[in-house]
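Residue numbers (my numbering): 2 to 235.
All C-beta atoms in this analysis are idealised placements derived from N, C-alpha and C, irrespective of residue type, glycine included.
Step one of this worksheet: look at the structure below.
In structure tokens form, the structure reads like this:
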């Protein structure tokens, strides 16, 4: 069943009330967001922060300097984020394509997405993250946290829903506003980290009232305790 605008805004308001504004993405420049979006692929954010700090310490969060940097040196700096050989090459490519990426910010959204998706290492999630958080383009980001939350709260049939289909469900019902999309996605990420995990922690979840998983666990009857049989006296 497709969600209504009322349902989506209920989720947003509950999360915002529980967690407050997230002020995401934590970066000083749009280029830092681009680099972070690449480094966070299949990585924990805490490890990405270490890699970004290394790049920053060596002045390589400047696109011109990174574009001219030695790949082997960049590999050492981004090693904490994992897949360092691939990611070092990709962020150097992003530095060399920086003006092209920035040019996409002012394009119509379908054209902007097509432009970024044509670049090596940029898939749908990375593409939308760059456009939304670096370019302030109102395009909704879908990730594993979003799919999990959507399935558990009845916004999607299951977690196998395709990226563009779930993205469309949010964008069709919500006002197309970059601040709303930015905050909404960041709040979903916070929900996924704190409560809506693979093994959910439902007790203090702000959305627990409407969670399908929580309802199922509450209605499940406990197994009857078996009484110990008295031992026969010999």
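Burial state of residue i (16 or more Cβ within 10 Å)
{"i": "residue 165", "result": "exposed"}
{"i": "residue 140", "result": "buried"}
{"i": "residue 107", "result": "exposed"}
{"i": "residue 127", "result": "buried"}
{"i": "residue 183", "result": "buried"}
{"i": "residue 168", "result": "buried"}
{"i": "residue 198", "result": "exposed"}
{"i": "residue 74", "result": "exposed"}
{"i": "residue 193", "result": "buried"}
{"i": "residue 65", "result": "exposed"}
{"i": "residue 118", "result": "exposed"}
{"i": "residue 98", "result": "buried"}
{"i": "residue 101", "result": "exposed"}
{"i": "residue 54", "result": "exposed"}
Beta-carbon proximity list for residue i, same chain, < 8 Å, skipping 5 on both sides
{"i": "residue 10", "result": "175"}
{"i": "residue 15", "result": "207, 208"}
{"i": "residue 87", "result": "122"}
{"i": "residue 5", "result": "174"}
{"i": "residue 162", "result": "148, 151, 152"}
{"i": "residue 223", "result": "Residue placement at residue 223 cannot be trusted, given a pLDDT of 46 that sits under 50; what the coordinates show is reported in the next sentence. Contacts found: none."}
The alpha helix (DSSP H) enclosing residue i, as first and last residue numbers
{"i": "residue 111", "result": "110 to 118"}
{"i": "residue 168", "result": "164 to 174"}
{"i": "residue 11", "result": "6 to 20"}
{"i": "residue 54", "result": "46 to 58"}
{"i": "residue 127", "result": "125 to 130"}
{"i": "residue 32", "result": "31 to 40"}
{"i": "residue 74", "result": "72 to 79"}
{"i": "residue 191", "result": "179 to 195"}
{"i": "residue 99", "result": "99 to 105"}
{"i": "residue 64", "result": "64 to 68"}
Minimum Cβ-Cβ distance from residue i to chain B less than 8 Å
{"i": "residue 118", "result": "Note that chain B does not occur in the displayed structure, where there is just one protein chain."}
Neighbourhood of residue i by C-beta distance below 6 Å, restricted to the same chain and skipping five residues each side
{"i": "residue 137", "result": "179"}
{"i": "residue 31", "result": "135"}
{"i": "residue 38", "result": "127, 130, 131"}
Same chain only: Cβ atoms within 7 Å of residue i, ignoring 5 sequence neighbours per side
{"i": "residue 72", "result": "89, 90, 93"}
{"i": "residue 70", "result": "61, 93"}
Residue i: CB within 7 Å of a non-hydrogen atom of the ligand SAM
{"i": "residue 109", "result": "Only the bare structure without any ligand can be found here, which leaves the ligand SAM out of the picture."}
The stretch 73 to 82 touching the stretch 111 to 125, judged by at least three CB pairs closer than 8 Å: Contact between the stretch 73 to 82 and the stretch 111 to 125 is absent: fewer than three C-beta pairs spanning the two stretches fall below 8 Å.
Stretch-stretch touch, CB-based, cutoff 8 Å, three pairs: the stretch 32 to 47 with the stretch 198 to 205: No, the stretch 32 to 47 does not touch the stretch 198 to 205.
contact_flag[the stretch 103 to 111, the stretch 146 to 162] where n(CB pairs < 8 Å) is 3 or more: The stretch 103 to 111 makes no contact with the stretch 146 to 162, as fewer than three CB pairs between them are under 8 Å.
Minimum length 4: unbroken alpha helix (DSSP H) runs contained in the stretch 133 to 164: 145 to 153
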